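Q: Pasting in a structure now, in C-alpha cells, and then I'll have a few things to ask.
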Amino acid sequence: MPFVRALLTRFATTLVTLLGAAIIVFVVIRIVPGNPIAMMLPPGATEADIDRLKTLYGLDKSIPEQFWIWLVNVLQGDFGTSITSRQPVFDLVTGRLPATLELSLMALVIAIALGGTAALTATLYRGTKVEGGIDVAGGVALSLPDFLWGLALILVLGVVWPIFHISGRVSPSLGFDFQSNFYLLEALVRLRFDVVLDLLGHMLLPAIALAIPLAAIILQLLKQSLKECMHDDYITLARTKGYSETSIITRDALPNAILPTLTLIGVQFTFLIGGTVIIERLFSYEGLGNMAIDAVINRDLPLIQGIVLVFALLFTLVNLLVDMTYAALNPRLRHA
Amino acid sequence: MPDARGQIRRLPGLRLWLSGGWLLLLVLAAIFAPMISPHDPLEQDLFAARLPPFWEQGADPAYLLGTDSLGRDLLSRMLYGARLALTVALVAGTLTCLVGATLGLIAGYYRGWADLVISRLVDIWMAFPPVLFAILLIAVLGTGLTSIIIAIVVIDWTRFSRVVRAEAMSQGAMDYVASAQVAGRSRLGIALAEILPNVLPTIVALLTLEMGIAVIVEAILSFVNLSISTDQPTWGGMIAEGRTSIYQAWWVLVFPLFALFLTVLSFSQLGEGLKDYFDPVLR
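Here the protein sequences line up with chains V and Z, keeping their order. Using our numbering, read the first sequence as starting at 1 and increasing by one per residue. Using our numbering, read the second sequence as starting at 1001 and increasing by one per residue.
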C-alpha cells in the first residue's frame, strides 16, 4: 500500500508541475509587447476588424479568464488554432511530434551504445593508456554541448567528407508517400530499405550530436560503478573459476553496476529531448523544436502554448516512468 | 597508490594553465579589440567577399582569416565578438550564481515552506526545454544585451539552487552546525559563516561552468537571430552566417566555431581544475 500511496503522491506533483508550467508560459507570452493580432491584419484594417479578431482568439478577456477557457478546452482535446497557419494546434503538434520522438530515441540508443561500449572497454583495459584516452575523450565530450557537436559534425561529415545530409528529414526526390508521421518506423515496416537509408542519412548527424554529451555521462558513471564492483567477492570467485576478463565484466559486473546508470539515463533523457529544439533548427529537421522556434518568432501564441505543454508533458512523463522503473527494479524501494 | 595520486595532482595543473591561458588571451583580445583589429568589423566590401584565410589560394594578406559573404573581415569580427561573449559570460554567469546559490542555500538550510516553494519551482523549470524557454523570454523582453543576461539568469538559476540545496542540506546535518547552534549563533549567522564556506568550492566550480554555458546560450540566441542588434558582431551570428554559406566559404563557420569550442572547453576545464584545487580531500 505505501507503494501505491507514493505513486499517487508522485502523480499529484506531476500534475502540479504541468499546471505550473502551463501557467508560466501562458502569462509570459501574454505580456509580449508585439500584438499578435497586428501581424495578421492587412493594411487598412479598421478598429472593428481588430476587435473582431481579438474576440475570435479570446484576447479581449483578462489573462485568468483566458487561461481558464484554454485549460477547459485543452482538457477536451482542443488546443486552439494556430494564428499563422490557421490550422488546429493539435494537428500541427501531433504532426511534428513523431519526428522529434524518432530523433530523440535514436540519439538515446546511440548514447547508450557509445557510452556503454566506452565504459566496458575502459574497464577491460583499466590502468592502461586506453583507459586514459577514453577518459580524456569523455571529458571533452562532456564539456561541449550538443549545439557545438552538431556544428562540428556538419563541417566534418557533411562538408569535408559529405557522407551525410545536413538538412531536412528525408530527400524529397525519393517520392515516397508516407502514410504516417513516424517516417523511420513506417519505412522499416514497409521494408523500404532505400528509404530507411535515406532517413538515417538525415537523422544520424543530429542524433549523434545529441548523443555525445549523454554518452560521456553514461561512460563516467558506468565506469565508476564497474570499478567499484571489480573488487567484490563474486568477481574474485568468477576469476578463480577461470572465466575470461571480458566475460567477467559483461556477465558478472555489468548487471550489478548498471542500476545507477539506468536512473541517470532517464533523468538525462529529458535534457536530450530539450536539446532537440536547437539541434532541429541547426539541421533544418522538421520536428517540434524547429516549429517551436518559428512559432516564437511569429508570435503564434496558441501554437507556442501547445508546443510547450507537449514538451512539459513529455518531460514529466519520462521522469515519472524513470521513478516507476527504478522503484520496480529496486527491491529496497518496493517495500519502503 | 601514491603514483595515481601524483597523476591526479599533475593533470589539473596543466589543464588550469591551458584553459587560463586561452581565457586570458580572450580577455586581452576583448579589451584591445579596437586597437588590434585590422578592419572595422562592420565594414562591407563586396569586392572582397568570401576571401579565404591567408594560407589558401586567392587570399588577400590584408584579411588574415578571410572575409564573409558581405566582405567583412573575419578576424576583426572575431575580436569584437569576444567582447560580447566575455561580457555575457562574466555578468550573466555571476548573476545566475548569486540568484541560484542564494535560493539553494535558503531552501537547503532553512527548509520548511521556503524549501517547498523553491523545490516546486525547480520542478516546474525542469519541465521546460531550456533553449525554447530562452527564445521565448527574448521574444518577450526584446533583443539586446540586458535581455540576454536576464534570460540566462531566469533559465539557469536552477542549476545552482539544486546543487547548493543538496550540499547545504548535508552540511546542515553535520556536528559543527549543531555545535554552532548550541553556542547560540543566529540562523543567518550559521548559514553565512558555517554553511556557505563549505559549499563555496562547489559554487566556484559551477560558476565557471555556468560562464561557458552563458557563452553558448548567447551563441544559440545569435544563431536564431534573437541576440543583440544584427549589426554588432557575435560569434553565434557569424556561425549562423557560416552555416548558410558553408559550401561556398567554410572558414566563415570554422573560426568562430573554433573560438567557441576553446572558450567553452576552457571554462569547464577551469571549473574542474578549481574544484580539485578547492577539494580538501585532494588537497
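For every residue, glycine included, the Cβ atom is placed at its ideal position computed from N, Cα and C. Only a predicted model underlies this, so the values are computations on that prediction, with no experimental measurement involved.
Residues bridged to P88(V) by DSSP?
A: Locating residue 88(V) in the first sequence gives position 88, counting from the first residue. P88(V) pairs with T81(V).
Q: So, does the CB of E1272(Z) fall closer than 9 Å to a CB anywhere in chain V?
A: Position 272 of the second sequence holds residue 1272(Z). At least one chain V Cβ lies under 9 Å of E1272(Z).
Q: Going by other Cβ atoms of all chains shown within 10 Å of its Cβ, with 16 needed for buried, is P69(V) buried or exposed?
A: What you label residue 69(V) is simply residue 69 of the first sequence in a count that begins at 1. Just to set this straight, residue 69(V) is Ile in the shown sequence, not Pro. Per the 10 Å Cβ criterion, exposed.
Q: What residues in its chain sit with their C-beta under 8 Å from that of E1194(Z), if we drop five residues either side in the sequence?
A: In the second sequence, counting from the first residue as 1, residue 1194(Z) sits at position 194. For E1194(Z), where only same-chain residues beyond five positions count, the Cβ hits under 8 Å are Q1171, Y1176, V1177, A1180, R1185.
Q: Whose Cβ in chain Z lies nearer than 7 Å to the Cβ of R86(V)?
A: Taking the first sequence and counting its residues from 1, the one referred to as residue 86(V) is at position 86. Near R86(V) there are no residues of chain Z at all, since even the closest Cβ is about 21 Å away, more than 7 Å.
Q: Which residue or residues does DSSP assign as beta-bridge partners of D1073(Z)?
A: The residue you call residue 1073(Z) lines up with position 73 of the second sequence. Note: D1073(Z) sits in a beta bridge opposite T1067(Z).
Q: Comparing alpha-carbon positions, which option in G275(V), R299(V), M291(V), D300(V) lies nearest P1129(Z)?
A: Working through the second sequence from its first residue, we reach residue 1129(Z) at position 129. Taking only the C-alpha atoms, the option nearest P1129(Z) is G275(V).
Q: Let me check understanding here. Comparing Cα to Cα, which of L226(V), V74(V), I208(V), D78(V) lies closest to L125(V)?
A: Here residue 125(V) refers to the residue found at position 125 of the first sequence. Strictly speaking, residue 125(V) in this sequence is Tyr, with Leu absent from that position. Checked all of L226(V), V74(V), I208(V), D78(V); the closest Cα to Y125(V) is L226(V).
Q: Could you check the C-alpha separation between V1027(Z) and V1091(Z) for me, to the nearest Å?
A: As a position in the second sequence, residue 1027(Z) is number 27, starting the count at 1. As a position in the second sequence, residue 1091(Z) is number 91, starting the count at 1. Taking the straight line from one Cα to the other gives about 14 Å.
Q: Identify, in the order they occur along the chain, each residue of the same chain with its Cβ nearer than 7 Å to the Cβ of A1030(Z), setting aside the five sequence neighbours on each side.
A: Indexing the second sequence from 1 puts residue 1030(Z) at position 30. Correct list, in chain order: A1082, R1083, L1086.
Q: Please name the residue, chosen from G1271(Z), R1015(Z), F1258(Z), that lies closest to V136(V) on a Cα-to-Cα basis.
A: Position 136 of the first sequence holds residue 136(V). Looking at the Cα atoms, R1015(Z) is the closest of the given residues.
Q: Count Cβ pairs between the stretch 78 to 94 of chain V and the stretch 187 to 197 of chain V that sit closer than 8 Å; are there 3 or more?
A: Judged by Cβ distances under 8 Å, the stretch 78 to 94 of chain V makes no contact with the stretch 187 to 197 of chain V, as fewer than three pairs qualify.
Q: Less than 6 Å between C-beta atoms, sequence neighbours within five positions excluded: which residues of the same chain meet that for A215(V)?
A: What you label residue 215(V) is simply residue 215 of the first sequence in a count that begins at 1. Cβ neighbours of A215(V) beyond the five flanking positions: A111, L114, G115.
Q: Just to confirm my understanding: we take L329(V), look at its own chain, exclude 5 residues before and 5 after, and list those with CB closer than 8 Å. What are they?
A: Along the first sequence, one-based indexing puts residue 329(V) at 329. For L329(V), where only same-chain residues beyond five positions count, the Cβ hits under 8 Å are L259, L262.
Q: Note down, in chain order, all residues in the stretch 1097 to 1120 of chain Z with a beta-carbon under 8 Å from any beta-carbon belonging to chain V.
A: Within the stretch 1097 to 1120 of chain Z, the residues whose Cβ lies closer than 8 Å to some Cβ of chain V are R1120, listed in chain order.
Q: With a cut-off of 8 Å, do at least 3 Cβ pairs link the stretch 156 to 174 of chain V to the stretch 196 to 209 of chain V?
A: Verdict: yes, contact present.
Q: Against S143(V), what residues of chain Z qualify as contacts under a CB-to-CB distance less than 8 Å, listed in chain order?
A: For this step, residue 143(V) is matched to residue 143 along the first sequence. What S143(V) touches in chain Z: G1212, V1264, L1265, S1268, Q1269.
Q: Would you decide whether D252(V) is buried or exposed? Buried here means 16 or more other CB atoms lie within 10 Å of its CB.
A: Reading the first sequence from its first residue, position 252 is the one you call residue 252(V). Counting Cβ neighbours within 10 Å, D252(V) comes out buried, since at least 16 surround it.
Q: Do L1226(Z) and T1143(Z) have their C-beta atoms within less than 9 Å of each other?
A: Within the second sequence, numbered from 1, the residue matching residue 1226(Z) stands at position 226. Within the second sequence, numbered from 1, the residue matching residue 1143(Z) stands at position 143. Against a cut-off of 9 Å, the Cβ pair of T1143(Z) and L1226(Z) comes out as a contact.
Q: Within its chain, find whatever has a CB closer than 8 Å to the CB of L1274(Z); leave out the 5 residues flanking it on each side and keep chain order.
A: On the second sequence, position 274 is the one that residue 1274(Z) refers to. Contacts found: L1016, P1201, V1204, A1205, T1208.
Q: Spell out a yes or no on whether the stretch 266 to 274 of chain V and the stretch 310 to 319 of chain V are touching, meaning 3 or more CB-CB pairs, one atom from each, closer than 8 Å.
A: Judged by Cβ distances under 8 Å, the stretch 266 to 274 of chain V makes contact with the stretch 310 to 319 of chain V, as three or more pairs qualify.
Q: Can you list, in chain order, the residues of the stretch 1022 to 1036 of chain Z whose Cβ is nearer than 9 Å to any Cβ on chain V?
A: Residues passing the 9 Å Cβ filter: none.
Q: Mapping DSSP to helix, strand and coil, what is R239(V)?
A: What you label residue 239(V) is simply residue 239 of the first sequence in a count that begins at 1. In the structure shown, R239(V) sits in a helix (DSSP, three-state: H, G or I).
Q: Residues of the stretch 263 to 277 of chain V in Cβ contact with chain Z at a cutoff of 8 Å, in chain order, please.
A: Answer set for the stretch 263 to 277 of chain V: T270, I273, G274, G275, T276, V277.
Q: Against chain Z, which members of the stretch 277 to 307 of chain V pass a CB distance test of less than 8 Å?
A: Under the 8 Å Cβ criterion, the stretch 277 to 307 of chain V contributes V277, I278, R281, L282, G289, A292, I293, V296, I297, R299, I304, I307.
Q: Looking at the secondary structure, which residues open and close the alpha helix (DSSP H) in which F1160(Z) lies?
A: The residue you call residue 1160(Z) lines up with position 160 of the second sequence. Where F1160(Z) is concerned, the enclosing alpha helix (DSSP H) stretches over 1145 to 1172.
Q: Shorter than 9 Å from the beta carbon of I163(V) to some beta carbon of chain Z?
A: Within the first sequence, residue 163(V) is the residue found at index 163, counting from 1. It does not: the Cβ of I163(V) has no partner Cβ on chain Z nearer than 9 Å.
Q: Using a Cβ-Cβ cutoff of 9 Å, what residues of the stretch 1119 to 1135 of chain Z are near chain V? List them in chain order.
A: For the stretch 1119 to 1135 of chain Z, which is checked against every Cβ of chain V, the residues closer than 9 Å are R1120, L1121, D1123, I1124, W1125, M1126, A1127, F1128, P1129, P1130, V1131, L1132, F1133, I1135.
Q: Could you name the residues of chain V that A1151(Z) contacts, counting a contact when the two beta carbons are closer than 9 Å?
A: Here residue 1151(Z) corresponds to residue number 151 of the second sequence, with the count starting at 1. Result: empty, since nearest Cβ-Cβ is about 11 Å, beyond 9 Å.
Q: Could you tell me the boundaries of the alpha helix (DSSP H) in which M230(V) lies?
A: Here residue 230(V) corresponds to residue number 230 of the first sequence, with the count starting at 1. Where M230(V) is concerned, there is no enclosing alpha helix (DSSP H), given that its DSSP letter is neither H nor E.
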